[in-house]
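Okay, so here's the structure we're looking at.
Listed below in structure tokens is the structure:
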């Protein structure tokens, strides 16, 4: 399983137009899966009232900033990195939507906060990609806490970046963001552990997919990032549904990435793990995940509608994230 740090790796429009796989499946089976997936996802996004948004352009200031910082210091020049920067920026930036206000996940946040959200994603994706180049990924958290810069400037910059969230978020929120980043590294370690990957799972292991997904997705960070100090909110305005926001963030990624993973033969992803443990067909499992995601969205919406600012923030996050 590849670590899936939010945001979603597959744009919604792309997920609905993916080509048929070149695999051992017969043609009718391939067409069946494509039709089934398209039907499930189309209904899912219709239920969420999704409105298409323009992608980030090369001229976007946040994209230029993160690309300049990370491409000159940390990446290997692979084209994948450039797409990563663009995807990371999409989490926090603004794009024009016909006949509506500008919206992506955090459009009303100050530019400096949107930049830090984009940098957060870039740092974690670099940890995942560059982990093999550190002395050991297993000791990475310890070196971050100890201020050990033996791996170069990356850890120093990452630590300074995490500390910076306390400028924009209250203590509990900032704590949750930084802890999610540290815990995400544990998720990477679990995914890289051959014994974990090959362990036998039974119907008693039903909590395992969610446990692993919560670590690798880092979605608690993105959930708390919705509510900076400048919104002047009380924690009680949203904390009761924070886990629903976390689940929604993880599950949207899994739903939209599922067909790509299916095409590439990945079988240790969230939907596949759930199907193995519950012994349900893949399409039924995918429908279950969709239903649970919509239920989590409904619960969060009901609570966040109590205040105009949280209702608008949540609605824009949902549409921008899709």
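In UniProt numbering, the protein residues as written are 1 to 322. C-beta atoms are modelled at their ideal positions from N, C-alpha and C, and glycine is treated no differently. No experiment lies behind these values; they were computed from the predicted model shown.
A residue is called buried once 16 or more other Cβ atoms fall within 10 Å of its Cβ, and residue 221 is buried on that count. For residue 183, the uninterrupted alpha helix (DSSP H) run begins and ends at 171-192, by DSSP. Under the 8 Å Cβ criterion, the stretch 243-252 counts as touching the stretch 294-303, having at least three qualifying pairs.
C-alpha of residue 292 to C-alpha of residue 241: approximately 14 Å in a straight line. Counting only runs of 4+ residues, the alpha helix (DSSP H) found wholly inside the stretch 262-319 occupies 270-278 and 282-304, in chain order. Residue nearest to residue 43 within the set 290, 237, 213 and 259 is 290 (criterion: CA-CA distance).
Taking 3 residues as the minimum length, the stretch 26-87 contains no beta strand (DSSP E) run wholly inside it. Note on residue 122: 16 or more other CB atoms within 10 angstroms of its CB, so buried under the neighbour-count rule. One alpha carbon belongs to residue 175, the other to residue 271, and they sit about 30 Å apart. Cα atoms of residue 154 and residue 317: separation of roughly 30 Å, rounded to the nearest angstrom. Rounded to the nearest angstrom, the Cβ distance from residue 188 to residue 128 is 6 Å, consistent with a contact under 8 Å. In terms of Cα proximity to residue 214, the closest of 191, 234 and 228 is 191. Here the C-alpha atom of residue 177 lies approximately 11 Å from the C-alpha atom of residue 227. Taking C-beta atoms as the reference points, residue 54 and residue 67 fail to come closer than 8 Å.
Under the three-state reduction of DSSP, residue 244 is assigned to helix.
Taking C-beta separations shorter than 6 Å and ignoring five residues to either side along the sequence, the partners of residue 180 in its chain run 218, 220 and 221, following chain order. Nearest C-alpha to residue 65 among 39, 203, 34 and 112: 112. In the structure shown, residue 109 adopts coil according to DSSP, grouped into three states. Taking C-alpha positions only, residue 169 is separated from residue 231 by approximately 10 Å.
In this structure, the beta-carbon distance from residue 172 to residue 235 falls below 8 Å.
Within the same chain, 117 come within 6 Å of residue 225 by CB-CB distance, once the 5 residues on both sides are set aside.
Rounded to the nearest whole angstrom, the C-alpha separation of residue 126 and residue 285 is 31 Å. As the crow flies, the alpha-carbon of residue 145 is around 42 Å from that of residue 51. Per DSSP, reduced to three states, the secondary structure at residue 225 is coil, with no helix or strand assignment.
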